[in-house]
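K.L.:
Numbering (our numbering), first residue to last: 186 to 449. We treat Cβ as the ideally placed atom computed from N, Cα and C, and that holds for glycine.
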Amino acid sequence: MPSRIQEINSSLGIEINSINLAKNASFSINELTHLFAQHHLLIIRNQQLNEEQLIEISRLFGEPAPALVPTYRLEKYPLITRHTNVKDNDRLPKGVVAPEYVFHADSYFTSNPSKATLFYCLKAPTHGGETHFVDMCSAYDRLDAATKSFISDKKVSYKNAFVNQPAVSHPLVRIHPITKRKALFVNIHRALGIDGMSDEDAIALVEKLYIHATEDEYVYKHQYRDGDLLIWNNVTTMHAATPIVDSEERLLYRILTKGDFPVS
């Protein structure tokens, strides 16, 4: 492994230093996509990217999807969502503000959850505003054999994010398309039930698996620096945002890439 790459939090991901994606001179694009196939989270430090460059990089990891929240899309670049706690003159946020601390995979509440998320930090706070990550392949591996067998064919239904749209259903176990590793896919916030189970038993199982996956000892806590570009796999990770005080400012750009319907 090149010296400019180091592992973080065991199997979760890697940190990459001393590369310039804007110039694409010192690092092979093929190498970058290979690393994404083998790891769940890439942390690429010290980048200086404009909007066009960020969109072009996102295409390495799938087709960019239109931003889910139209209010906070960049006007000239509707594939990019602004995430910030900065407020306008009416004291309204200029971008997506970190929600409550709940681990999730991006766009899990849609029929085709995203494949990858790119999160680019333009302004980092001195404290707070972290993103926490868990490795859902590792979470699956830690399950006992009986639980693995029980959940192997189970699907969870989730309330759709869009008004007047039917609920969506996704398997509890997903398979990485390249490594073929199995990963838990359990999102607690909008869970409605599981086919073949009572609602009470289904929600109890979802909660049990969620708690199992997000035990603190398995959580990687990322404190942002200006110029950080994070790229994570939404098939094999969950993440959660932490609060930030008004006296601190945070500004990030996010792009999601389209995924296929989850299959186990």
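Anyone know if the C-beta pair for I379 and S342 falls short of 9 Å?
P.N.:
Within the sequence shown, numbered from 1, the residue matching residue 379 stands at position 194. Within the sequence shown, numbered from 1, the residue matching residue 342 stands at position 157. Their beta carbons are under 9 Å apart, which means I379 touches S342 by this criterion.
K.L.:
Out of P356, A324 and I201, which one is the CA nearest neighbour of D338?
P.N.:
Residue mapping note: residue 338 aligns to position 153 of the sequence shown, counting from 1. The option with the nearest alpha carbon to D338 is P356.
K.L.:
Please classify V430: is it buried, with 16 or more other beta-carbons within 10 angstroms of its beta-carbon, or exposed?
P.N.:
Numbered from 1 along the sequence shown, position 245 holds the residue referred to as residue 430. Around the beta carbon of V430, fewer than 16 other beta carbons sit within 10 angstroms, so the residue counts as exposed.
K.L.:
Assuming Y257 and R267 make a contact with CB atoms under 8 Å, what is their CB distance in whole Å?
P.N.:
As a position in the sequence shown, residue 257 is number 72, starting the count at 1. As a position in the sequence shown, residue 267 is number 82, starting the count at 1. At roughly 5 Å, the Cβ-Cβ gap stays under 8 Å, so Y257 and R267 are in contact.
K.L.:
What would DSSP say about L217, mapped onto helix, strand or coil?
P.N.:
The residue given as residue 217 occupies position 32 in the sequence shown. Three-state result, L217: helix.
K.L.:
Please say whether R435 and P278 have beta carbons closer to each other than 9 Å?
P.N.:
Position 93 of the sequence shown, counting from 1, holds the residue named residue 278. Position 250 of the sequence shown, counting from 1, holds the residue named residue 435. Going by C-beta atoms, P278 is not nearer than 9 Å to R435.
K.L.:
I'd like the list of long-range same chain contacts for P263, defined as Cβ closer than 7 Å, with 5 residues on each side in sequence excluded.
P.N.:
As a working mapping, residue 263 is identified with position 78 in the sequence shown. Result list for P263: P251 and A252, in chain order.
K.L.:
Are there three or more Cβ pairs, one per stretch, closer than 8 Å when the stretch 355-374 is compared with the stretch 419-429?
P.N.:
yes
K.L.:
If you follow the beta strand (DSSP E) that D329 is in, where does it begin and where does it stop?
P.N.:
For the purposes of this step, residue 329 is taken as the residue at position 144 of the sequence shown. Here D329 belongs to no beta strand (DSSP E), and DSSP marks it neither H nor E.
K.L.:
For H312, count the other beta carbons within 10 Å of its own beta carbon; 16 or more makes it buried, fewer makes it exposed. Which is it?
P.N.:
Indexing the sequence shown from 1 puts residue 312 at position 127. Classification for H312: exposed.
K.L.:
Would you mind listing the beta strand (DSSP E) stretches within the stretch 253-308 that are 3+ residues and don't spill past its ends, in chain order?
P.N.:
For the stretch 253-308, the full-length beta strand (DSSP E) segments reaching 3 residues or more read 266-269 and 301-308 along the chain.
K.L.:
Take the Cβ of Y409 as the centre, count every other Cβ of all protein chains shown within 10 Å, and call the residue buried at 16 or more, exposed below.
P.N.:
As a working note, residue 409 is residue 224 in the sequence shown. Y409 is buried by the Cβ-count criterion.
K.L.:
Taking the beta strand (DSSP E) that L377 falls in, what are its first and last residues?
P.N.:
Here residue 377 corresponds to residue number 192 of the sequence shown, with the count starting at 1. Note, L377: beta strand (DSSP E), A376 to I379.
K.L.:
Apply the 10 Å Cβ neighbour rule to D384 and answer buried if 16 or more other Cβ atoms are within range, or exposed otherwise.
P.N.:
In the sequence shown, counting from the first residue as 1, residue 384 sits at position 199. D384 is exposed by the Cβ-count criterion.
K.L.:
Tell me the DSSP secondary structure of A250 in three-state form.
P.N.:
Within the sequence shown, residue 250 is the residue found at index 65, counting from 1. DSSP places A250 in the coil class of the three-state scheme, outside both helix and strand.
K.L.:
Expressed to the nearest angstrom, what Euclidean distance is found between the alpha-carbon atoms of P255 and K272?
P.N.:
For the purposes of this step, residue 255 is taken as residue 70 along the sequence shown, with counting starting at 1. For the purposes of this step, residue 272 is taken as residue 87 along the sequence shown, with counting starting at 1. P255 and K272 have their C-alpha atoms some 17 Å from each other.
K.L.:
Would L206 and D320 be called neighbours here (beta carbons separated by less than 9 Å)?
P.N.:
Your numbering for residue 206 matches position 21 in the sequence shown. Your numbering for residue 320 matches position 135 in the sequence shown. Contact: no.
K.L.:
What residue range is occupied by the uninterrupted alpha helix (DSSP H) comprising L390?
P.N.:
To locate residue 390, count along the sequence shown from 1; it is residue 205. Unbroken alpha helix (DSSP H) run through L390: D384 to A398.
K.L.:
Going by DSSP in three states, S432 sits in which element: helix, strand or coil?
P.N.:
What you label residue 432 is simply residue 247 of the sequence shown in a count that begins at 1. Reduced to three states, the DSSP call for S432 is coil.
K.L.:
Taking the alpha-carbon positions, what's the E315 to P428 distance?
P.N.:
Counting from one through the sequence shown, the residue named residue 315 turns up at place 130. Counting from one through the sequence shown, the residue named residue 428 turns up at place 243. Going from the Cα of E315 to the Cα of P428 covers about 8 Å.
K.L.:
Applying the criterion that 16 or more other CB atoms from any shown protein chain within 10 Å of the CB defines a buried residue, is R189 buried or exposed?
P.N.:
Within the sequence shown, the letter at position 4 stands for residue 189. Result: exposed.
K.L.:
Can you find the residues in the same chain that come closer than 7 Å, C-beta to C-beta, to S323, ignoring five residues on each side of it along the sequence?
P.N.:
Numbered from its first residue, the sequence shown carries residue 323 at position 138. Same-chain partners within the cutoff: S196 and Y403.
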